[in-house]
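Participant:
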Amino acid sequence: MCLIAFAWDMHPKYKLILAANRDEFYNRPTAKAGFWEDQPNILGGRDLKAGGTWMTITKDGKFAAVTNYRDLSNIREDATSRGEIPTDFVKGDFNPEKYIQTLHEHSEDYNGFNVLVSDLGQMGHYSNYERKVNILKPGIYGLSNALLDTPWPKVELAKQKFKSAIGNSFDHQELLNLMTDTTIAPDIELPDTGISKEMERSLSAMCIRMENYGTCCSTVITVDRDGVVNFTEKSYPVGERKENTEHYSFKVQ
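First residue of the sequence shown: 69, per my numbering; consecutive thereafter.
Next comes the structure, spelled out in structure tokens:
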């Protein structure tokens, strides 16, 4: 994922509310969200090139999501795929804090990343740029391609829209709709991440629309305090991809 707004343990009805956009090259092969045939406990999309995932939740209530950390000057072609990180967490037995401590020991195997991991009792964040264990307190957070809550325009806008939506009665469609905002940030507010100003402008939108790269899908996940999970993924008709919406609902076992 490349933009995530989420509320952790602060809503009267929901333990977790999350809305996210996945940005990718349109021609990268992926499978739409579903329960995996070889791992039927795991729900999420799948990267068909490297085999991992960007976001997943399991029938036993383990959640994980990863974003890239934007630093094009330090990309290694031989790095391990970052999509393995969420998969490793949900397949394993560690709680978030222990998993992050273990991940820290080999985090340099990957290009820059952020990961969110939760067992619905604890939510953790880790980046191999910050290199510290963050166990999150109840609140509303935003994550893109810098550290957690870095105030990029798209992150601040997403958090603002998200906070307003969940402050009232809301449904998954409303959260999906808010993630389609294509507003470009003013030049004065753009971050400097070592790419061209033109590229910074294009990437500053919550929903990115470029010729060969952009937002391929949006995902909304809610987990209520009775353990009922609702998962919705909307795919967009970009490149050769087709518009599609998948919805799943189950109770944590």
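A virtual CB, placed ideally from N, CA and C, is assigned to each residue, including glycine.
Bear in mind that the values here come from a model prediction, so they are computed numbers and not experimental data.
N280 lies in the alpha helix (DSSP H); which residues open and close that run?
Facilitator: Taking the sequence shown and counting its residues from 1, the one referred to as residue 280 is at position 212. Here N280 belongs to no alpha helix (DSSP H), and DSSP marks it neither H nor E.
Participant: Looking only at its chain, what residues have a beta carbon closer than 7 Å to the beta carbon of M247, apart from the 5 residues adjacent to it on each side?
Facilitator: Position 179 of the sequence shown, counting from 1, holds the residue named residue 247. Excluding residues within five positions, the ones whose Cβ falls inside 7 Å are A87, N89, M274, C275 and S286.
Participant: Given the structure, does N89 come close to the ligand FMN, in the sense that its CB is under 7 Å from one of the ligand's heavy atoms?
Facilitator: With respect to the ligand FMN, the structure offers nothing, as it holds no ligand at all.
Participant: Classify R41: buried if its beta carbon has 16 or more other beta carbons within 10 angstroms, exposed otherwise.
Facilitator: As displayed, the chain neither begins before 69 nor continues past 321, which places residue 41 out of reach and without an answer.
Participant: Would you check if the distance between the CB atom of A225 and the CB atom of W76 is smaller than 8 Å?
Facilitator: The count along the sequence shown starts at 1 and reaches residue 225 at position 157. The count along the sequence shown starts at 1 and reaches residue 76 at position 8. Going by the sequence as given, residue 225 is Leu instead of Ala. No, these two residues do not count as a Cβ contact at 8 Å.
Participant: Specify, as a first and last residue, the run of the alpha helix (DSSP H) that H193 falls within.
Facilitator: Translated into the one-based positions of the sequence shown, residue 193 becomes position 125. Where H193 is concerned, there is no enclosing alpha helix (DSSP H), although the beta strand (DSSP E) it sits in stretches over M191 to S195.
Participant: Would you identify the three-state DSSP class for A81, choosing helix, strand or coil?
Facilitator: What you label residue 81 is simply residue 13 of the sequence shown in a count that begins at 1. Reading off the sequence, residue 81 comes out as Lys, not Ala. The answer is coil: DSSP assigns K81 none of H, G, I, E or B.
Participant: Please determine, among V297, Y304, F157 and V306, the residue with the shortest C-alpha to C-alpha distance to H315.
Facilitator: On the sequence shown, residue 315 is found 247 positions in, with the first residue counted as 1. Nearest of V297, Y304, F157 and V306 to H315, Cα basis: V297.
Participant: Shortest alpha-carbon distance to T135 belongs to which of S272, E92 and N142?
Facilitator: Position 67 of the sequence shown, counted from the start, is the residue given in the question as residue 135. Nearest option by C-alpha distance: E92.
Participant: Just the Cα atoms here: how many angstroms apart are N142 and E198?
Facilitator: Walking along the sequence shown from the start, residue 142 turns up at place 74. Walking along the sequence shown from the start, residue 198 turns up at place 130. Taking the straight line joining both Cα atoms gives about 15 Å.
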